[in-house]
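Numbering (UniProt numbering), first residue to last: 1 to 356. Cβ coordinates follow ideal geometry from the N, Cα and C atoms, glycine included. Computed from a predicted model, the values in this text were never measured in an experiment. Before any comments, here is the structure.
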């Protein structure tokens with residue numbers, strides 16, 4: 001919600017005009033247009049009479065008359081800063097924002113992490129909704145803020161949040177149904193207990209194979225898993241009986257580890273998406289995927305060096321694409337992206353047998 005300008009404007013004294021929007025206008029010189037003053041007064045009287053005839057006596061605030069449930073839904077669509085500002089509208093709105101079921105904090109409006117953390121603390125102190133449907137806190141992590149973040153996590157647990165999105169992990173929660181972690185480290189020291197979790201997304205997170213296994217074992221109802229720009233794993237052994245869809249979106253370059261050899265074992269997965277850029281990819285296999293029905297392969301292996309010869313680069317890519325496609329020969333629905341189609345076309349020109 002934008003701040004009002006400090007400039008003042010002159011308004012009519014009639015009650016109907018006070019409640020109507022004010023539109024500034026340019027003043028004109030009557031003498032230069034040869035307008036008779038009597039005609040001007042008559043025209044003004046006619047215009048005023050028409051306004052009185054057609055305009056309502058007072059403007060009705062229809063939004064404020066809506067029930068709380070609808071107003072709270074409207075406020076939930078705003079970021080929390082804009083929702084709080086609505087409290088100045090009237091007594092009806094003064095504390096309505098404190099009952100919103102969705103809290104979304106963004107760092108955009110604050111000049112420092114300290115001010116941002118203070119704002120989050122103040123909002124949580126005044127908030128009184130018994131249950132939250134969404135709780136999102138986005139900002140750059142600083143070690144000094146760790147105690148506050150722990151309190152935010154405790155708040156999310158107490159409020160029984162359905163979809164929390166926090167910078168630190170919440171390893172034991174029976175209410176959460178969706179989790180989205182970005183730019184953080186996943187280090188569960190004990191058991192993971194997400195008994196209601198159905199959707200899980202990791203973004204820009206280092207993930208070891210044992211951590212993925214521990215998370216899946218602690219999520220007995222999980223159905224969807226997305227790894228976006230995650231790294232430090234070479235093998236995914238999907239042990240979950242409930243997981244139906246896996247999305248691997250990009251794999252960043254790891255210069256210290258050399259070429260990437262990725263292997264996925266997924267006996268229960270029904271849908272698989274491999275999309276984005278996969279740097280230094282030398283091998284990609286899908287094993288034991290008998291339940292797989294639908295696959296989308298829309299990835300690319302970018303050239304990492306300008307002086308790298310295209311011929312040698314695409315020769316290596318041909319081997320990766322061939323091996324991957326051969327491991328997916330039993331899939332009924334196969335969606336292929338443009339880069340993979342280009343590699344297949346190059347193989348066809350070279351009179352190499354297609355992998356499918």
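Measuring CB to CB, does residue i end up less than 8 Å from residue j?
i           : j           : result
residue 259 : residue 282 : yes
residue 140 : residue 106 : no
residue 374 : residue 135 : It is not possible to answer for residue 374, since the shown part of the chain is limited to 1 through 356.
residue 231 : residue 209 : no
residue 238 : residue 216 : yes
residue 177 : residue 197 : yes
Give the DSSP bridge partners of residue i, in chain order.
i           : result
residue 277 : 300
residue 429 : Beyond the ends of the chain as shown, which are 1 and 356, falls residue 429; an answer cannot be given.
residue 317 : BP columns for residue 317 are empty, so no partner.
residue 285 : 263
residue 199 : 178, 224
residue 193 : 172
residue 251 : 278
In chain order, what residues of the same chain have a beta carbon less than 7 Å from the beta carbon of residue i, not counting five sequence neighbours either side?
i           : result
residue 21  : The pLDDT assigned to residue 21 is 29, lower than 50, so where the model puts this residue is not dependable; a value taken from the coordinates is nonetheless given after this. Contacts found: none.
residue 100 : 72, 75, 76, 83, 129
residue 343 : 314, 317, 318, 321
residue 341 : none
residue 27  : Note that residue 27 scores a pLDDT of 40, beneath 50, so its modelled location is shaky and nothing firm can be said.
So residue i is in the beta strand (DSSP E); what residue range does that whole segment cover?
i           : result
residue 229 : Here residue 229 belongs to no beta strand (DSSP E), and DSSP marks it neither H nor E.
residue 128 : Per DSSP, residue 128 belongs to no beta strand (DSSP E) and is neither H nor E.
residue 292 : Where residue 292 is concerned, there is no enclosing beta strand (DSSP E), given that its DSSP letter is neither H nor E.
residue 208 : Run containing residue 208: none; DSSP gives neither H nor E here.
residue 236 : 235-237
Assign residue i to buried or exposed, taking buried as 16 or more other Cβ atoms, counted over all protein chains shown, within 10 Å of its Cβ.
i           : result
residue 114 : exposed
residue 173 : buried
residue 116 : buried
residue 327 : buried
residue 179 : buried
residue 240 : buried
residue 120 : buried
residue 205 : buried
residue 212 : buried
residue 334 : exposed
residue 126 : exposed
residue 151 : exposed
Given residue i, which residues of its chain have a CB within under 6 Å of its CB, disregarding the five upstream and five downstream residues?
i           : result
residue 57  : Summary for residue 57: the model assigns pLDDT 45, below 50, so the residue's position carries little reliability, and this model does not support an answer.
residue 337 : 298
residue 251 : 278
residue 246 : 225, 269, 272
residue 376 : In this structure the chain extends from 1 to 356, so residue 376 is not present and cannot be described.
residue 31  : In this prediction, residue 31 has a pLDDT of 42, which is less than 50 and means its spatial position is unreliable; what the coordinates show is noted afterwards. Closer than 6 Å at Cβ, skipping near neighbours: no residue.
Against chain C, does residue i count as a neighbour if the rule is that its beta carbon must be under 8 Å from one of theirs?
i          : result
residue 93 : Chain labels in this structure do not include chain C; a single protein chain is all it has.
Would you mind reading off the limits of the alpha helix (DSSP H) that contains residue i?
i          : result
residue 75 : 68-76
Excluding the 5 residues flanking residue i on each side, which residues of the same chain have their C-beta closer than 8 Å to its C-beta?
i           : result
residue 346 : 314, 318
residue 267 : 238, 288, 289, 290, 291
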